[in-house]
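Q: Protein chains in written order, with the numbering used here: chain L, 6 to 516; chain W, 13 to 153. Ideal Cβ placement from N, Cα and C applies to all residues, glycine included.
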Amino acid sequence: MVDLLKEIEAQIESAKATTTAKQNVGVIREIGDGVARVEGLSDAMLNEMLDLGHGITGLALNLEETEVGVIILGDYTKLEEGDEVRTTGKLLQVPVGKGLLGRVVNTLGEPLDGRGPVNSDDAYPVEKIAPGVIRRRPVSQPVQTGIMAIDAMIPIGRGQRELIIGDRSTGKTTICIDTIISQARLNKEAEAAGDKSYRPLHCIYVAIGQKQSNIARIISVLESAGAMPYTIILASPASDSATNQYLAPFAGAAIGEWFMDHGMDALIIYDDLSKHAVAYRQVSLVLKRPSGREAYPGDVFYLHSRLLERAARVGEKYGNGSLTALPVIETQAGDVSAYIPTNVISITDGQIYLETDLFYQGMRPAISVGLSVSRVGSAAQLKAMKQVAGQLKGDLAQFRELAAFAQFGSELDPKTQAQIDRGKRIMEVFKQTQYSPIPVEVQVAVIWSVQNGYVDDIPVERIKEFQATLTEFLNTRKVELLRKIRQEKTLSAALTDELKAAANQFKETWK
Amino acid sequence: MIRTSKQARREAKRLLGLCMVNGKLDEDRARQVVQVAIQSRRRGYLILLRHFHRLVKIECDRRTAEVESAVPLPFDLQARLRGGIEALYGSGLTTHFAHKPNLIGGMRIQVGNDVYDSSIRSGLSALAKSFGMTGSNGWKT
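1. In angstroms with no decimal places, state the Cα-to-Cα distance between residue 151 of chain W and residue 115 of chain L.
2. So if I threshold CB-CB distances at 7 Å, which residues from the stretch 27 to 40 of chain L count as touching chain W?
3. Could you tell me which whole beta strand (DSSP E) segments of length 3 or greater appear in the stretch 27 to 84 of chain L?
4. On the three-state DSSP scale, how would you describe residue 168 of chain L?
5. Using a Cβ-Cβ cut-off of 8 Å, state whether residue 97 of chain W counts as contacting chain L.
6. Rounded to whole angstroms, what is the Cα-Cα separation between residue 27 of chain W and residue 48 of chain W?
7. Residues of chain W with a CB under 7 Å from the CB of residue 504 of chain L: which are they?
8. Give the single residue among L/351, L/343, L/339 and L/335 whose Cα lies nearest to the Cα of residue 313 of chain L.
9. Quick one: grab the DSSP three-state call for residue 202 of chain L.
10. Is there a Cβ from chain W that is less than 8 Å from the Cβ of residue 379 of chain L?
11. If you run the structure through DSSP and keep just helix, strand and coil, what is residue 405 of chain L?
12. With 8 Å as the limit, tell me which residues of the stretch 119 to 145 of chain W have their beta carbon closer than that to any beta carbon of chain L; keep them in chain order.
13. Can you list, in chain order, the residues of its chain whose CB lies under 6 Å from that of residue 63 of chain L, leaving out five sequence neighbours each side?
14. Which partner residues of residue 358 of chain L appear in the DSSP bridge assignment?
15. Kindly list, in the order they appear in chain W, the residues whose Cβ is closer than 7 Å to that of residue 45 of chain L.
16. Find out if the Cβ-Cβ distance for the pair residue 442 of chain L, residue 152 of chain L is shorter than 8 Å.
17. Can you name the residues that DSSP bridges to residue 209 of chain L?
18. Report yes if the CB atom of residue 166 of chain L is closer than 8 Å to the CB atom of residue 353 of chain L, and no otherwise.
19. Does chain W have any CB closer than 8 Å to the CB of residue 71 of chain L?
20. Taking C-beta pairs closer than 7 Å, name the residues in chain W that residue 25 of chain L reaches, listed in chain order.
21. Along chain W, in chain order, which residues have C-beta atoms closer than 9 Å to that of residue 48 of chain L?
22. Could you check if residue 138 of chain L is buried or exposed, using at least 16 other CB atoms within 10 Å of its CB as the buried criterion?
23. Alpha carbons only, please: which of L/123, L/493 and L/482 is nearest the one belonging to residue 518 of chain L?
24. Once you ignore the five residues that flank residue 150 of chain L on each side, which residues in its own chain have a CB closer than 8 Å to its CB?
25. Here's a check: name, in chain order, each residue in its chain whose Cβ is nearer than 6 Å to the Cβ of residue 93 of chain L, leaving out the five neighbours to either side.
26. Where does residue 83 of chain W land, buried or exposed, given buried means 16+ other C-beta within 10 angstroms?
27. Among W/52, W/75 and W/43, whose alpha-carbon lies nearest the alpha-carbon of residue 65 of chain W?
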């Protein structure tokens, strides 16, 4: 009884405190295009959430002497000039946690999939300072994308920021989706095997300014591949306001940071940052901020650098988690020297460059090996892969150079011809159908057989057939060998012998 | 000569500074400024006066306390409230008392941008909000 009385007294006290607490208010002076100018709000903080009434929230973005520039998150048509605005003392937050896995949410973390409320007890601020140098540790664990060209030549590590750049319709999103599907497969395999040492990689796909139909297609692809239980989709489609599109990647980063802070690994895909920059340009222009090159505001570099800096691998003392970022940039007519592409190229730890020409030549994924690079990923690459693919990039560079000479139709010496033939076969092996990631052990075995001349006598047009049959042979008759490669992660002399024996056995039956 | 709105804003701010005496707005000086500006008819004087008017209004609001209550307040309570507000915001405030039955009960005090709301109406709206906000997409969060 005494407890009850105390409880009631405490509640009355808190009720008293809340009802008479000081509030800071302002009045809407101007409103339009999702942005309001509010007079007053002398105590408003930068990026503070503001209560605009009618259940609508705003974000204080411009603090001026007598007024505040506010971006409105919601239906701004309900608001009028003269409406009262209140400070809340809170920064913009989004729900975070494992309850979001398998869900499709908007920028504010509200569900869009019609499957009821999001089950989340925790919330993270949308804007957060990136982990500092003390908290970080070098990238050393791989992200297996399942795309042979990437895993072999442009490896990505957990905590890395790898840009995917290319013109429209060159397969940028497909690479991202393949990576998500590959993670889901690996997570499921580890769960089924009860492998506690495997760190599952949770994926967050942030769709910025994309067509609703595209987002729906991606969701159905992920659902049919069984990847949704490990994936969160944060959608801010083209029909969303520019303010929501501007905030979407930051909200996604906050969701990813929760996994990192709790000792887990997450992968976030920003698809794409070109549209994000455009949305931010719109918000900035409406807020009357001074514009610079291509009418982008002066802080567009900082916009992306502070976002991508939030991807990190933190030390064991800080949970040993990681957040890997795959930002996507769409170029116009292959121009990588435009403003936003150069900015993001300089921020990230490498880029995967996709070329339209390669795409139409049938080289899919259309990765330009010469222009693509991973600055930190090689430290995270599987040793077995490094052993077999170490020479690949150089071989392909030589092949491209020699292939240019070969076009003149001049007589070639046998060595040069052999190099060209090998290059053609490697290029053929790297062709891969979409939504079918290849396990890393199969990649190692296939590349090993190419590097050791097992495909030299096979016509180029039959290489894919050879690869498919070899993969089937390994998956059905050499399961133990694949398991050893996966577990040992390196090609020992004994394992190489076993691989050689398997390749010889297969070659005998191949017609 | 004032060519841009930015210049007008800067100039209006400077004029307001000239009208301040010991941190308070001198009404006579403000009137004088307006008269001089109208008489001079310099280019852009109307924009300048509009900005000046806005700044004076903000300054007046900052030094004005609006007390709204559901029932008319007795004079002794009004005096006590006036004393309390001046203790918080300094002397020289203009205090207005208004009777607003739609507050249902309690009172609401506004000084500049600061609001102290203990009315029943605001309590009820806070309660309604706590029962569940509907997101911009129509889903309950």
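A: With the given structure in hand:
1. Counted from its first residue, the second sequence places residue 151 of chain W at position 139. Counted from its first residue, the first sequence places residue 115 of chain L at position 110. With a pLDDT of 41 at residue 151 of chain W, under the threshold of 50, the modelled position of that residue is not reliable, and no figure is offered here.
2. The residues in question are 27, 28, 29, 30 and 31.
3. Given a length threshold of 3 residues, each whole run of the beta strand (DSSP E) inside the stretch 27 to 84 of chain L is given here in chain order: 27 to 37, 40 to 45, 53 to 56, 62 to 68 and 72 to 78.
4. Sequence index remark: in the first sequence, residue 168 of chain L carries index 163 (1-based). Looking at residue 168 of chain L - three-state DSSP - the assignment turns out to be strand.
5. Here residue 97 of chain W refers to the residue found at position 85 when the second sequence is read from its first residue. For residue 97 of chain W, the answer is no, since every Cβ of chain L falls outside 8 Å of its Cβ.
6. Translated into positions along the second sequence, residue 27 of chain W becomes position 15. Translated into positions along the second sequence, residue 48 of chain W becomes position 36. Rounded to the nearest angstrom, the two C-alpha atoms are 11 Å apart.
7. Looking up residue 504 of chain L in the first sequence gives position 499. Under a criterion of Cβ atoms nearer than 7 Å, no residue of chain W is adjacent to residue 504 of chain L; the nearest Cβ is some 54 Å distant.
8. Here residue 313 of chain L refers to the residue found at position 308 of the first sequence. Minimum Cα distance to residue 313 of chain L is reached at L/351.
9. The residue labelled residue 202 of chain L in the question sits at position 197 within the first sequence. Residue 202 of chain L falls in the coil class under three-state DSSP.
10. Indexing the first sequence from 1 puts residue 379 of chain L at position 374. So, not an interface residue.
11. Position 400 of the first sequence holds residue 405 of chain L. In this structure, residue 405 of chain L counts as helix in the three-state DSSP scheme.
12. Residues 122, 124, 125, 126, 127, 128, 129, 130, 134, 135, 138, 141 and 145.
13. For this step, residue 63 of chain L is matched to residue 58 along the first sequence. The beta carbon of residue 63 of chain L lies closer than 6 Å to those of 55, 57, 75 and 77 in the same chain, with the five residues before and after it left out.
14. If you number the first sequence from 1, residue 358 of chain L lands on position 353. Partner residues in the beta bridge of residue 358 of chain L, as assigned by DSSP, are L/170.
15. Here residue 45 of chain L refers to the residue found at position 40 of the first sequence. Residues of chain W whose Cβ lies closer than 7 Å to the Cβ of residue 45 of chain L are, in chain order, 125.
16. Within the first sequence, the letter at position 437 stands for residue 442 of chain L. Within the first sequence, the letter at position 147 stands for residue 152 of chain L. Judged by their CB atoms, residue 442 of chain L and residue 152 of chain L are nearer to each other than the 8 Å cut-off.
17. Walking along the first sequence from the start, residue 209 of chain L turns up at place 204. In the DSSP secondary-structure assignment, residue 209 of chain L is bridged to L/237 and L/273.
18. Mapped onto the first sequence, residue 166 of chain L falls at position 161. Mapped onto the first sequence, residue 353 of chain L falls at position 348. In this structure, residue 353 of chain L lies closer than 8 Å to residue 166 of chain L by Cβ.
19. Walking along the first sequence from the start, residue 71 of chain L turns up at place 66. A Cβ of chain W is located within less than 8 Å of the beta carbon of residue 71 of chain L.
20. The sequence position of residue 25 of chain L within the first sequence is 20, counting from 1. Below the 7 Å Cβ cutoff, chain W contributes 128 and 130 as neighbours of residue 25 of chain L, in chain order.
21. One-based indexing of the first sequence puts residue 48 of chain L at position 43. Per Cβ cutoff of 9 Å: 125 and 126.
22. For the purposes of this step, residue 138 of chain L is taken as residue 133 along the first sequence, with counting starting at 1. By the beta-carbon neighbour count (other beta carbons within 10 angstroms, threshold 16), residue 138 of chain L is exposed.
23. The requested residue 518 of chain L is not part of the displayed model; chain L covers only 6 to 516.
24. Here residue 150 of chain L is taken as the residue at index 145 of the first sequence, counted from 1. Same-chain partners within the cutoff: 156, 161, 180, 183, 184, 187 and 442.
25. Position 88 of the first sequence, counted from the first residue, corresponds to residue 93 of chain L. Closer than 6 Å at the Cβ level, and outside the excluded window around residue 93 of chain L, lie 54 and 56.
26. Position 71 of the second sequence, counted from the start, is the residue given in the question as residue 83 of chain W. Flag for residue 83 of chain W reads exposed.
27. Stepping through the second sequence from its first residue, residue 65 of chain W is reached at position 53. Taking residue 65 of chain W as reference, the option from W/52, W/75 and W/43 with the minimal CA-CA separation is W/43.
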